[in-house]
Amino acid sequence: RDQDSLQTAEPNQRSVERMLVDQREGVPPLIKGILNDLDINRLTNSDIGETMSRLADELKRLSDGPLNVAGHEITSARKTVESLTPTTNPSENALVSMSAPQSELLSRSLAASVGAQDDVIATLERLVSELSGKTDYRQLIRRLAELREDQLAHTKLAKTEIGLDTLPLEVTELSRTQRASLDKAAAGQTSISVRFAKIEQSMDQLARQLADSHDPMAGTMSDAFDLSHRLTIGADIQQAASDWRENRAGQALEREQRIADKLQQVLNLLRNEGEHQPQQIVDKLNQAERRLAALQQQLSQLKQQIAQMERAPNAANPSLQQQLGQQQQNIRRDIERLARELERLQAADASQSAHNAAKQLDNRASNEAHQSAHASRPGSSGQVKKAQEQLAQAAHQLADRRQQAEFDLALEIVRRFQVELGDMVKRQQRVLNRTAEVDAARRPATALSAEQIKVVMQLADEERQLAELAKEHSESLFGLGPVRVSLEEAQQRLTAAGRILHGREVGKPAQVAEQLALTRLEGMLQAFAQTADEAGQKPNENNAPPSAAANNPQQPPPRRPTFELLEVKMLRMLQADLNERTRQHERRLAAAEEDQAAIASLAQETAALAAEQKRLAELVQKMILRDNGKQQ
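Going left to right, the sequence shown walks through residues 1 to 632 as my numbering numbers them.
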């Protein structure tokens, strides 16, 4: 019977090996087909591609190792049994005699075969669990994405069928058709609410399953479940249904749009799609800093409580230990959640430090060795202190990452506004050129033709549009004093040029006003271009001494803040322009000599120049006070 079992096991083992690793009939050609499809669809960096590649590597390891060993050892065991001589008639299924060396050889072959098969089974179970987890993960993402699409479709349909006609009406004043439409919208939203509740429950269950199998996706799923709770998506969906029933159509439509946005946030987290917009990254890094500061405060309070407990005579109080132990584990989970968020925000150093802090607070392994009465006891105050040190390091690293993100944001703003300024310069240059053409084409001492008047009115309208654009930019960049002042002056010059053109003047006064506006815009463009170029330089390109980087190779020399650099350049441009206009003013005063009327007419210009100089001095003073405050 043993010989028959071995003879049966041998082809079964070969069949298993063929199904798993055969390059023509097994799993490898299936994996290859999936990878080819991903390549054709340009999805080579997808999560599925990584999983398939890892699966192929595991199967190759099984083929070269455990499967090969199991097949070889089963064959060896069969040959050993076949070499034995029966003590009685073989047809009677009698036992056979075996020498000690044969017995040892057979035992060794069988043991090696069993060990290799156990390795194969454990590997396959792990791979099945991993693939199943990823399948469930992707299915949940798909269900959530479908729910969001249905929410958007519901909003669009409700807006079309109901609109805002019902807003001024009380519920009792609604027509039967209007009432039916509102009930339909409420029922649709209620259906979405039920589906979301099931999805949220599935998220919680899957997060627990993945955590039990130590799947790395468990943390992301847990974070997504926590985010959906913090965003109160379920409550918002239910409230939207109530809004429809109570004829609060405007609130319902607005709430449904917010629901879609919140669902997108959860989807982005599940898909591991980090933020790409600089402003959003800065905002989330600021939020992360506030969360980290709160965790530091909680950890400090926990350390004080543990230290006090250690000094107290009732240090072994199980109830107090359990309370502090549970508090420690709650803080640990919050730190781990923050660490994963920092990783998604590309703050790798801060994320690692936060993970290290969480490890210092993890007493689960050590608590398993103690009785249940002490299963939730906290760590020592020394452990908590080490966690505090790691969090403090994470805070410094996060501040560095946030400053870098702010630098990237500032650089983007500078470059984006540089493009817009370039367009404004081109438009102003066209206005100046076209004005000169109209002036050259008209006959001296004659009025403009109807066609020329039409062109001049278009030019005046163009100057008005440019002035409004300058005003909009000055309001959006209000925090940058010199930039705001420069844009306001550009607006005034453009408005003045437009007013002259509107009076059908295309001669020297109009062209001088247009040139003044163009000069201001060109000066600003040059300052922005220089700022973008200098801010985009690598650290060693910033004319920093070579020794500065050599002393601390892991920390590059600090870059000059983009906004402050821009402000200085803009101030310099404003002062240079004021200096030139002051010199021209002085020449006109000198030319006036004793002409009191001319001198009196220039007095207003003198006061205006003095006011501009005073304004620049105030800007410089504010910048000095602000920078001194930062240093303190």
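Built from N, CA and C at the ideal position, the CB exists for glycine as well. Here the structure is a predicted model, which is why all the values come from computation and not from measurement.
### 7 angstroms Cβ shell around leucine 35 - same chain, five flanking residues per side excluded
Gly49 and Met52
### Segment limits, alpha helix (DSSP H) that includes valine 485
481-502
### Task
Give the straight-line distance between the Cα atoms of valine 16 and glutamine 360, rounded to the nearest whole angstrom.
45 angstroms
### Query
With contact counted as at least three CB pairs below 8 angstroms, one residue from each stretch, are the region 406-414 and the region 376-390 in contact?
no
### Query
Between glutamine 329 and chain B, is there a C-beta pair that is closer than 7 angstroms?
The structure shown contains no chain B, having only a single protein chain.
### Message
My parser needs the alpha helix (DSSP H) runs of 4 or more residues fully inside the region 290-337; what are they?
### Response
none
### Query
Taking Cβ positions, are arginine 484 and leucine 516 nearer each other than 7 angstroms?
No, Cβ-Cβ distance for arginine 484 and leucine 516 is not below 7 angstroms.
### Query
For proline 378, which of Ala77, Gly325 and Val419 has the nearest alpha-carbon?
Gly325
### Query
Taking just the CA atoms, how far does histidine 229 sit from glutamine 298?
22 angstroms
### Query
Given a threshold of 16 other Cβ atoms within 10 Å of its Cβ, counted over all protein chains shown, does lysine 262 qualify as buried or as exposed?
buried
### Task
Kindly give me the distance between the Cβ atoms of arginine 245 and alanine 186, rounded to whole angstroms, as I take these residues to be in contact under 8 angstroms.
At roughly 4 angstroms, the Cβ-Cβ gap stays under 8 angstroms, so arginine 245 and alanine 186 are in contact.
### Query
Would you call glutamine 189 buried or exposed, if buried means 16 or more other Cβ atoms sit within 10 Å of its Cβ?
Looking at its Cβ environment, which holds 16 or more other Cβ atoms inside 10 Å, glutamine 189 is buried.
### Burial state of leucine 625 (16 or more Cβ within 10 Å)
Counting other Cβ atoms within 10 Å of its Cβ, leucine 625 stays below 16 and is therefore classed as exposed.
#### Entry: Residue closest to aspartate 334, alpha-carbon to alpha-carbon, out of Arg311, Ala294, Ile74 and Gln308
Ala294
### Query
Quick one, are the C-beta atoms of isoleucine 199 and leucine 144 less than 7 angstroms apart?
yes
### Query
Whole-angstrom Cβ separation of leucine 566 and leucine 480, contact assumed at under 8 angstroms?
7 angstroms
### Query
Whose C-alpha, out of Asp283, Glu256, Glu475 and Leu20, is nearest the C-alpha of aspartate 120?
Note that residue 120 corresponds to valine in the displayed sequence, not to aspartate. Comparing Cα positions, the closest option is Leu20.
### Task
Report yes if the C-beta distance between leucine 106 and alanine 77 is below 7 angstroms; otherwise report no.
yes
### Task
Return the Cβ separation of serine 193 and glycine 234 in integer angstroms, given the expectation that the two are a contact with Cβ distance under 8 angstroms.
That belief holds up - the Cβ atoms of serine 193 and glycine 234 are roughly 7 angstroms apart, short of 8 angstroms.
### Query
Along the chain, where does the alpha helix (DSSP H) that runs through aspartate 439 open and close?
381-441
### Message
Are the CB atoms of alanine 490 and leucine 518 within a distance shorter than 7 angstroms?
### Response
no
### Task
In angstroms with no decimal places, state the Cα-to-Cα distance between aspartate 57 and glutamine 322.
45 angstroms
### Candidates Leu84, Leu469, Lys454 and Asp408: closest to aspartate 283 by CA position
Checking every option, the nearest Cα to that of aspartate 283 belongs to Asp408.
#### Entry: glycine 523, buried or exposed, once every other Cβ within 10 Å from all chains shown has been counted against 16
Classification for glycine 523: buried.
### Query
When the Cα atoms are used, what is the spatial distance from serine 222 to arginine 340?
11 angstroms
### Query
By the 10 Å Cβ neighbour count, where 16 or more other Cβ atoms means buried, how is asparagine 247 classified, buried or exposed?
buried
### Message
Nearest by alpha-carbon distance to glutamine 205: which of Tyr137, Glu534 and Leu131 is it?
### Response
For the residues Tyr137, Glu534 and Leu131, the minimum Cα distance to glutamine 205 belongs to Tyr137.
### Task
Would you mind reading off the limits of the alpha helix (DSSP H) that contains threonine 80?
66-82
### Query
Quick one: what's got a C-beta closer than 6 angstroms to asparagine 363's C-beta in the same chain, skipping five residues either side?
Gly379
### Query
If we call anything under 7 angstroms between Cβ atoms a contact, is alanine 350 one with glutamine 397?
yes
### Message
For arginine 401, tell me which candidate among Gly422, Glu343, Leu421 and Gln429 has the shortest Cα-Cα distance.
### Response
Glu343
### Query
What span of residues does the alpha helix (DSSP H) with serine 193 cover, start to end?
176-212
### Query
Looking only at its own chain, which residues have a Cβ that is under 8 angstroms from the Cβ of lysine 622, when we skip the five neighbours before and after it?
Excluding sequence neighbours, lysine 622 sits near Gly481.
### Query
CB-CB under 6 angstroms to methionine 570, same chain, minus the five flanking residues each way: which ones, in chain order?
Pro482, Val483, Ser486 and Ala527
#### Entry: Own chain, CB closer than 8 angstroms to alanine 399, minus 5 neighbours either side, in chain order
By the criterion of a C-beta distance shorter than 8 angstroms, alanine 399 is surrounded in its chain by Glu289, once the five residues flanking it on both sides are discounted.
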